[in-house]
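Q:
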Amino acid sequence: MADFKTHTLVATVISGGLGIAALATGMATPAEAFCYWLAGTLGGLLPDIDSDESLALRIVFRLFGALVAGLLAFYWMTTLPAWQVVLLAGSGYLMVRFVLLWLFARITVHRGMLHSLLANLLFGVIAVLMSYHLFALDARLAWGIGGFVVMGATVHLLLDEIYSVDLSGMRIKRSFGTALKITDWQRPGLSLLMLLCSLGGFWLSPGASAWLQGLDLALPQSLGHVLESLRVSGLDMLAVDVQSVQDVLAWLRRGWQDLRAV
Ligand SMILES: [Zn+2]
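What follows is the structure, encoded as structure tokens:
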């Protein structure tokens with residue numbers, strides 16, 4: 274497997290390059306490109322947070338602890354005296370950095386659940402939700418950050434897999450196939466839970482309704498196109514009753530609209 278330095282370097286270079294590309298093509302402001310770069314680099318560390326001794330684990334929990342401390346200070350700043358705010362923020366940080374980290378390290382297994390594509394999806398969804406709801410960033414930027422986290426984490430898995438092939442001797446190490454996987458199939462219950470959390474997160478994320486509306490518009494249109502091309506190709510000559518196909522399509526369309534109305 275690739276070491277911490279390699280992971281950080283590759284994630285930094287790739288997300289930096291993509292961030293600059295987004296800036297150059299006018300898809301991001303300099304501040305947004307900087308956020309993307311950070312998100313991609315952090316994403317590159319996330320799959321290894323299940324390794325109990327890893328630097329990635331400590332860095333991520335330090336960042337998370339700082340975030341919790343900052344939020345506690347922000348919310349209590351105006352209602353509590355300063356020394357209590359400092360105490361509260363400090364204990365929040367220590368809770369995350371030591372107690373939560375200890376629990377997390379006990380629960381997770383290295384290269385288990387969290388070293389998978391499904392986990393990357395969950396990391397991305399969490400990043401979108403935090404960017405939008407916690408940091409009040411706009412939906413487009415939040416999705417961009419989520420995308421960079423997923424990209425960085427996926428590059429991490431690929432890199433681990435590449436490192437499991439010993440190129441000098443052209444032989445495959447035993448770890449081959451353990452790094453890049455969809456999920457940990459040994460744990461179907463937890464995999465399902467992760468999938469449900471991702472879907473739930475997607476539902477709570479900004480712009481999901483806009484996405485569904487787009488689908489709502491696109492679906493009847495694409496059905497119409499299919500029907501039209503069938504007609505053009507002369508398939509309706511082959512005893513295909515166009516009227517009944519149209520009826521079925523109209524019924525499907527109504528059903529879809531009803532579903533949307535719920
Ligand atoms: Zn790894």
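For the sequence shown, my numbering begins at 274 and goes up steadily by one.
Even glycine gets a Cβ: it sits at the ideal position worked out from N, Cα and C.
So what does DSSP say about isoleucine 399, is it helix, strand or coil?
A: Isoleucine 399 falls in the helix class under three-state DSSP.
Q: For aspartate 276, name the three-state secondary structure that DSSP assigns.
A: In this structure, aspartate 276 counts as coil in the three-state DSSP scheme.
Q: With DSSP collapsed to three states, give me the class of serine 389.
A: Residue state, collapsed to three classes: coil.
Q: For methionine 424 versus glycine 313, is the C-beta spacing smaller than 8 angstroms?
A: Yes, the pair counts as a contact, with Cβ atoms nearer than the cut-off.
Q: Between the Cα of arginine 335 and those of Trp349, Trp375, Met300, spot the shortest distance and give me the residue it belongs to.
A: Cα-wise, what sits closest to arginine 335 is Trp375.
Q: Under a three-way DSSP split, which group does serine 288 fall into?
A: Correct three-state label for serine 288: helix.
Q: Under a Cβ-count criterion, where at least 16 other Cβ atoms within 10 Å of its own Cβ denotes burial, should valine 359 be classed as buried or exposed?
A: So valine 359 counts as exposed.
Q: Within its chain, find whatever has a CB closer than 7 angstroms to the CB of leucine 410; leave out the 5 residues flanking it on each side and keep chain order.
A: For leucine 410, where only same-chain residues beyond five positions count, the Cβ hits under 7 angstroms are Ser404.
Q: Counting only the same chain and skipping the five closest in sequence on each side, list residues whose C-beta sits under 6 angstroms from that of leucine 330.
A: Result list for leucine 330: Ile322, in chain order.
Q: Using a Cβ-Cβ cutoff of less than 7 angstroms, which residues in the same chain neighbour serine 324 once the five nearest sequence positions on both sides are dropped?
A: Only Leu330, His383 meet the Cβ criterion.
Q: Distance, Cα to Cα, methionine 350 vs leucine 328?
A: Approximately 32 angstroms, taken between the alpha carbons.
Q: Measuring from the CB of histidine 388, is there a heavy atom of ligand 1 at a distance below 7 angstroms?
A: Within the cutoff, so yes.
Q: Less than 7 angstroms between the CB of aspartate 615 and some heavy atom of ligand 1, yes or no?
A: The structure shown does not extend to residue 615, since the chain is modelled only from 274 to 535, so the question has no answer here.
Q: So does aspartate 276 have its beta carbon nearer than 7 angstroms to some heavy atom of ligand 1?
A: Not so, every heavy atom of ligand 1 lies at least 7 angstroms from the Cβ.
Q: Would DSSP call valine 382 helix, strand or coil?
A: DSSP places valine 382 in coil when its eight states are reduced to three.
Q: Looking only at its own chain, which residues have a Cβ that is under 7 angstroms from the Cβ of glycine 385, when we skip the five neighbours before and after it?
A: Answer for glycine 385: Asp323, Asp457, listed in chain order.
Q: When you measure from the CB of histidine 429 to every non-hydrogen atom of ligand 1, does any distance come out below 7 angstroms?
A: Flag set: Cβ of histidine 429 near ligand 1.
Q: Is the distance from the Cβ of glycine 480 to the Cβ of tryptophan 416 below 8 angstroms?
A: Result yes, Cβ atoms of glycine 480 and tryptophan 416 sit closer than 8 angstroms.
Q: Helix, strand or coil for threonine 537? Go by DSSP, reduced to three states.
A: Not covered by the structure: residue 537. The range shown for the chain is 274 to 535.
Q: Where do the ends of the alpha helix (DSSP H) carrying glycine 313 lie?
A: Residues 303-318.
Q: Following the continuous alpha helix (DSSP H) through leucine 471, name the residue where it begins and the one where it ends.
A: In the sequence as presented, leucine is not what sits at residue 471; that position holds serine. Note, serine 471: alpha helix (DSSP H), 461-477.
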